[in-house]
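Structure, as structure tokens:
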Amino acid sequence: MKLKTIVENHPLKSKKGNKYLYTGTLLNGKPQSIGIQVFQGGEFDTQRYEGEWENGVKQGKGVYIWSDDEYYEGEWRNDERDGQGIYTWSDGRRYQGEWKDDMMHGQGVMTYADGGIRKGRWKKNQEVGGWDGWYIILLIIAVLWLIEQA
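Taking full-length UniProt numbering, I'd label the letters of the sequence shown as residues 1 to 150.
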């Protein structure tokens, strides 16, 4: 028989053994459906996840917010970022694109705080191809300079 309960600030441990508080639905003692995970103390202090769960792991759509205000919003599979998602760094950088095994992997766009843009492919968090938005900006500046010289 499956036991489904609604809990608030229920203490649990992640797959990696980190303690957290969970608010939401439990199915047989594991997070299920929609819920909120808030880590307790240590290096994970003030980190939280709000989103979908299946059989005790992040699965589906959700938002994870780190203690330094960086955040990821997108798809999760087996407790890892996987699918389409957006990661925003505290320094203003933003990656929007594909994720696999908790890393930027596939087509994506990196936008920098100063407006620079890089579109291309990523593999295991490293850019492996694409065009450089800075090249376009420099080309426009060069053309404008040439026009002024004429």
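Beta carbons: idealized from backbone N, C-alpha and C, even for Gly.
Which residues mark the beginning and the end of the beta strand (DSSP E) in which residue i is found?
i    : result
E75  : Y71 to R77
T46  : Looking at the DSSP string, T46 is not in any beta strand (DSSP E), and its letter there is neither H nor E.
Y95  : R94 to K100
G106 : M103 to T111
K16  : From DSSP, K16 is part of no beta strand (DSSP E); its letter is neither H nor E.
By the three-class DSSP mapping on this structure, what secondary structure does residue i have?
i   : result
L26 : strand
L21 : strand
W66 : coil
W53 : strand
W89 : coil
Q32 : strand
L3  : coil
Q37 : strand
Count the other CB atoms within 10 Å of the CB of residue i; is the residue buried (16 or more) or exposed (fewer)?
i           : result
P31         : buried
K4          : exposed
Q149        : exposed
D82         : buried
Q126        : exposed
residue 151 : Since the displayed the chain opens at 1 and closes at 150, residue 151 lies outside it and no answer follows.
Return the CA-CA distance between residue i and residue j, expressed in angstroms with no decimal places.
i    : j    : result
E75  : I137 : 33 angstroms
A142 : K119 : 22 angstroms
S33  : I140 : 50 angstroms
K58  : G106 : 21 angstroms
M103 : W145 : 41 angstroms
N9   : G51  : 15 angstroms
Hey, would you say the C-beta of residue i is under 8 angstroms away from at least one heavy atom of the ligand HEM?
i    : result
I117 : The model depicted lacks the ligand HEM and carries no ligand whatsoever.
Taking one C-beta from the stretch 17-24 and one from the stretch 32-40 each time, how about it: are there three or more such pairs within less than 8 angstroms?
-> yes
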